[in-house]
Each structure stands twice: as structure tokens, then as C-alpha cells.
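**Q** There's a structure below that I have some questions on.
Numbering (the UniProt record's numbering), first residue to last: 1 to 81.
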């Protein structure tokens, strides 16, 4: 699914400007943070979006009210299948 389709689906469901509540830090076996994994709801399923290191470092701090719109407009994200 491409990024524009995800944005359109969220807009249709009135979730594009909703605050993200489900995410987790990605940590390797050496306890180094490798990014953040976000779970984006699309109807009955979830799309997983990764913001890899080092771009994740200040992302949450810089956006006290992090919405799906802000996340999906970040040029460093990776949408997982």
C-alpha cells in the first residue's frame, strides 16, 4: 500500500489528525535504540511504519502531540508490508 493511499484512508476515517497512541522503540541486543515502530490503524488491520535511527532521536520530543499526519509526512519513514 502506498503512502498516499494510507493518508486517504486515514482522512476518510477521520484519523489523520488523531494523536498516535501505539508505538514501540526498536532496541537491538546491545541495548542500542534502532528506531521507532508505529502502528497505524487502517480499518480492521494495522500498517507498521518505522522511523529508523538516527532520525528517531528527537522526533517524539519535537512533537508533543504526534499525529498520523506528522508521522506520514516525515521523509525518513519506512512503511512495512
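Ideal placement from N, C-alpha and C gives every residue a C-beta, glycine not left out.
So is residue 61 in contact with chain B if we call contact Cβ pairs under 7 Å?
**A** The structure shown contains no chain B; it holds only a single protein chain.
**Q** At the level of alpha carbons, what is the spacing between residue 45 and residue 30?
**A** Those two C-alpha atoms are separated by around 32 Å.
**Q** Taking Cβ to Cβ, would you say residue 63 is nearer than 7 Å to residue 76?
**A** No. Outside cutoff.
**Q** Round the Cβ separation of residue 38 and residue 27 to the nearest angstrom and send it over; I've been treating them as touching at under 8 Å.
**A** At roughly 15 Å, the Cβ-Cβ gap does not stay under 8 Å, so residue 38 and residue 27 are not in contact.
**Q** Nearest by alpha-carbon distance to residue 51: which of 24, 43, 1 is it?
**A** Comparing Cα-Cα distances from residue 51 to each of 24, 43, 1, the minimum goes to 24.
**Q** Hey, quick one: how far does the beta strand (DSSP E) through residue 46 stretch, first residue to last?
**A** Looking at the DSSP string, the run of the beta strand (DSSP E) that includes residue 46 is 45-52.
**Q** Excluding five sequence neighbours on each side, which residues of the same chain lie with their C-beta closer than 7 Å to the C-beta of residue 7?
**A** Correct list, in chain order: 16, 72.
**Q** Quick one: give me the first and last residue of the beta strand (DSSP E) that residue 77 is part of.
**A** Note, residue 77: premise wrong, no beta strand (DSSP E); not H, not E.
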